[in-house]
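Q: The structure under discussion is supplied below as structure tokens; questions concerning it will follow.
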Amino acid sequence: MSAIRIVTGKEGIPLMIRDTEPFFTERWSDAETGFEYVDEYYLVFDFREGLFVEIVQRLIGGGEFSWEVPLDQIGEEALMKLKESGRLERIRAKVKEIMQRLTENLDELFFDLKAGE
């Protein structure tokens, strides 16, 4: 079972929830160059940009590159692995928990301000 990491801003406000382990790993070779690569797929929820997949591509022997794609742009095999992994449900539950906590904090702040009038 993969853990998730919560990335916060300077004020401690959650910005992003990210898988710490890939839900899908793919190894492949480029026929033209002969280079071998490993692609790792991580599920990410960004509170500003929504849900996406970060793909980290590593060149065997050195080098790394990453990019982000929406869920509808990953391949069928990767999508099936994501569904089987339970990561969507785990990230959803964590987003819900954080939003409830933020809402409770706002309610407390609002009532404290009202009491001070």
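Letter by letter, the sequence shown follows residues 8 to 124 of my numbering.
For each residue, glycine too, the CB sits at the ideal point set by N, CA and C.
Between which two residues does the alpha helix (DSSP H) carrying Leu86 extend?
A: Translated into the one-based positions of the sequence shown, residue 86 becomes position 79. Leu86 -> alpha helix (DSSP H) spans 83-92.
Q: Just to confirm before moving on: does the CB-CB distance between Glu47 and Pro29 stay below 7 Å?
A: Start at 1 with the first residue of the sequence shown, and residue 47 comes out as number 40. Start at 1 with the first residue of the sequence shown, and residue 29 comes out as number 22. Cβ atoms of Glu47 and Pro29: closer than 7 Å.
Q: Look at the alpha carbon of Thr110 and the alpha carbon of Val63, and state the distance between them as a whole number of angstroms.
A: The residue you call residue 110 lines up with position 103 of the sequence shown. The residue you call residue 63 lines up with position 56 of the sequence shown. Rounded to whole angstroms, Thr110 to Val63 spans 34 Å at the Cα level.
Q: Please name the residue, chosen from Ile81, Ile24, Phe31, Ala38, that lies closest to Glu56 on a Cα-to-Cα basis.
A: As a working note, residue 56 is residue 49 in the sequence shown. The residue with the shortest Cα to Cα distance from Glu56 is Ile24.
Q: Can you look up Arg55 in the DSSP assignment and give me helix, strand or coil?
A: Taking the first residue of the sequence shown as 1, we reach residue 55 at position 48. Three-state result, Arg55: coil.
Q: Just to confirm, is the Cβ distance from Leu58 to Arg94 under 7 Å?
A: Here residue 58 refers to the residue found at position 51 when the sequence shown is read from its first residue. Here residue 94 refers to the residue found at position 87 when the sequence shown is read from its first residue. Against a cut-off of 7 Å, the Cβ pair of Arg94 and Leu58 comes out as no contact.
Q: Are the CB atoms of Ala10 and Thr32 within a distance shorter than 7 Å?
A: Taking the first residue of the sequence shown as 1, we reach residue 32 at position 25. Taking the first residue of the sequence shown as 1, we reach residue 10 at position 3. No, the pair does not count as a contact, with Cβ atoms beyond the cut-off.
Q: Quick one: what's Pro21 bridged to in DSSP?
A: Translated into the one-based positions of the sequence shown, residue 21 becomes position 14. According to DSSP, Pro21 bridges with Thr15.
Q: Whole angstroms is fine: what's the gap from Trp35's alpha carbon to Gly16's?
A: As a working note, residue 35 is residue 28 in the sequence shown. As a working note, residue 16 is residue 9 in the sequence shown. Whole-angstrom Cα-Cα distance: 36 Å.
Q: Keeping to the same chain, check which residues put their C-beta closer than 6 Å to that of Val45; ignore five residues upstream and five downstream.
A: Walking along the sequence shown from the start, residue 45 turns up at place 38. Correct list, in chain order: Arg34, Arg65.
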